[in-house]
Every structure is written in C-alpha cells, then in structure tokens.
Amino acid sequence: MTPLIFVVDPSPERRGVVQHALEQAGYPVEVFATTHAVEVAEQKLPSLIIVAVKLPDGNGMLVREKVRQHPTLSSTPVVLLVDKRLGQSGAVENCNAHDCLIFPFAPGELVKTVEGLLRRTHDATSGAPSKGMDMIIDPFAMKISVRGKEVTTTTLEFRLLDYLARHQGKVFTRDALLDAVWGDLRFVTPRSVDACIRRIRRKIEPEASSPRFLKTIRGTGYKLDAKPTWEAAGGACQCRTCTAARSRASAFPAADLGRALNSLGRATTC
60 MTPLIFVVDP SPERRGVVQH ALEQAGYPVE VFATTHAVEV AEQKLPSLII
110 VAVKLPDGNG MLVREKVRQH PTLSSTPVVL LVDKRLGQSG AVENCNAHDC
160 LIFPFAPGEL VKTVEGLLRR THDATSGAPS KGMDMIIDPF AMKISVRGKE
210 VTTTTLEFRL LDYLARHQGK VFTRDALLDA VWGDLRFVTP RSVDACIRRI
260 RRKIEPEASS PRFLKTIRGT GYKLDAKPTW EAAGGACQCR TCTAARSRAS
310 AFPAADLGRA LNSLGRATTC
C-alpha cells in the first residue's frame, strides 16, 4: 500500500504543483484548502501531511501541533510549506531542517524531503515487534500475523482490522465503521459489518464463539482488544514503476513542471 499524502493549502498554484510532483513520483495525494483536512485525516490516516503556513481558518503551525497531540495521528510527519514570495521566511524558525519546504522549489527537492520523512518514520516504528504484541500488521503487503500465525484476509477484512487496530480499545458503532471502512460503497448495511466481523473472527480468534480480541459491545458495536504493532509504517513503494516515476520527477525542471501542469488542466480545488 503506497503511502497516502495530504496537501493542505489555500493556494491553487502551490497545491497543484505539490500534488502533480508527488503523483508523478507515484504517491496518492488528497488536497484540501482548510483545516478540515485534520478531520478527514482522523479517518483516512495519511502517512504524511504537507500544510501551508497560512490557511483561511487557521495556520499551519497550529495544525502541526494539533496533529502531534492527536492520539491517532501523533506519529504522522507534518511538513510546513513556507512561501518565500509572501515574506513567510520567518516561519522557518519554527521548523527543523527536514520538515520545512520553501516555495518555490524543484520537484526533486519535494520528493526527496517526502521520502526522507517517510523513511525516518518507518525506521522509528519498524524493527522487531515488542514482546506481548498479539498482532503484527504489514500495510504494504496487506498481511496480518496473529500470535505468530499469518492470516489471509480479503481487502475489506484487512481494512476493517487495520482501522480497528489503529484505534485499539475504542468502541465503534456499525454506522461509524461503515463510514470509515466501506465509505461510499453502495448496497451495504450495518449487517455488512456483522458479516465481516464474523469472517475475521474465524481467522484470528482461537475460539470464534468466544472472542478474545475482536469483541462485541452489546447495544453499541465492536472494539479490538488485541495489542497491535506495524511491521512497515512508511516509506515509498519500491516497485519498478514507482521508482522510475520518482526518477523522472527528480529530473523534471520546475519551469517545465508548471507548463505541464497548465497543459494538463488539473483540478486543484479540494
């Protein structure tokens, strides 16, 4: 699973340039113009957030602090986007060298910064699983191991289990899980959640009729009580297609990028 990146910027020009460069490098990107992005991030859990200094309903530094203090998003790296042309260079004082971008920049500089942050996040959160962990999740390979035994899941089962694991111990109603995992899929009902939970239990529970990990909270919904860890939490896809795309992006001059962006007529509104 390639890392999802959020770009939060009210400027269509900057937002479009960042989105195009990252998509050329093989990353899925979602763009926003306001701090509403944080609410969406709680559901979609992006691997990295790029946010402009000035927003119509706040500022990037406050967004960064909100993400850092959020129980689910706290490990998500945030890159502050500073526009030198608007006299925002003073904001650099509030950044480390690796989590601040000065606009305008070359596409290769953007991709290098993003890859470096994703790699550092991966290095900080990967490695040997801690003792006592019940579940190991690899989001890139979409693999799950429960107490040392690999479990095969469908895409939907994996998404549901991964979502519950990222909110370990939190109780979700069926409707909340439908919104978070099924999204806009049609022809689903709260009973679709029940059916998926039953299938998952048969795969991960020692005794499906008496679940230890995936528990029912009567009259409310479900929660996951297992202790999860993630085998791979960040980093760029290393397949030949994505590697070649990143190489092209690194060699793409900024002026050519702007012309290409205009010719493509990309939609840059959120």
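Oh and the sequence shown: position 148 is 207 in our numbering, straight run, nothing missing. Glycine is no exception: its CB is placed at the ideal position from the N, C-alpha and C atoms. All of these numbers come straight from a predicted model, not from anything done at the bench.
The count of Cβ pairs closer than 8 Å, one atom from the segment 244-253 and one from the segment 188-207, stays below three, leaving the stretches out of contact. P136 and D116 do not touch by the CB rule: their CB atoms are close to 22 Å apart, not below 8 Å. In terms of Cα proximity to V141, the closest of D197, P163 and L223 is P163. For M194, the beta-bridge partners assigned by DSSP are V205 and P287. Contact between the segment 205-213 and the segment 226-241 is absent: fewer than three C-beta pairs spanning the two stretches fall below 8 Å.
Judged by DSSP secondary structure, L244 falls outside any alpha helix (DSSP H); it is assigned neither H nor E. According to the DSSP assignment, E89 belongs to the beta strand (DSSP E) that extends over V88 to F91. Residues V97, A100, I108, L132, S133, T135 and V137 of the same chain have their beta carbon placed closer than 8 Å to that of V126, with the five preceding and five following residues left out of the count. From the listed residues K171, D284 and G280, the smallest Cα separation to P270 is found for D284. Secondary structure note for D221: its alpha helix (DSSP H) is the uninterrupted segment T214 to R225.
By alpha-carbon distance to V90, the top candidate from V76, E290, V66 and K113 is V66. Beyond the five residues adjoining it in sequence on each side, V252 comes within less than 7 Å, by CB distance, of R233, L236 and L237 in the same chain, given in chain order. Only buried fits I196, as 16 or more other CB atoms lie within 10 angstroms of its CB.
Within the same chain, L160 come within 8 Å of E168 by CB-CB distance, once the 5 residues on both sides are set aside. Look at A111 here: in three-state DSSP terms it is strand.
Setting aside the 5 residues that flank it on each side, I276 is surrounded in the same chain by V230 and K282, each with a C-beta closer than 7 Å to its C-beta; the list follows chain order. A distance below 8 Å separates the beta carbons of T212 and K262. Residue range L273 to I276 is occupied by the beta strand (DSSP E) that includes K274. If the five residues before and after E82 are omitted, its C-beta is found closer than 7 Å to the C-beta atoms of V88, all from its own chain and listed in chain order. In the structure shown, T180 adopts helical secondary structure according to DSSP, grouped into three states.
Selection R257, A92, V170 and C255 evaluated against G119 yields A92 as nearest (Cα-Cα).
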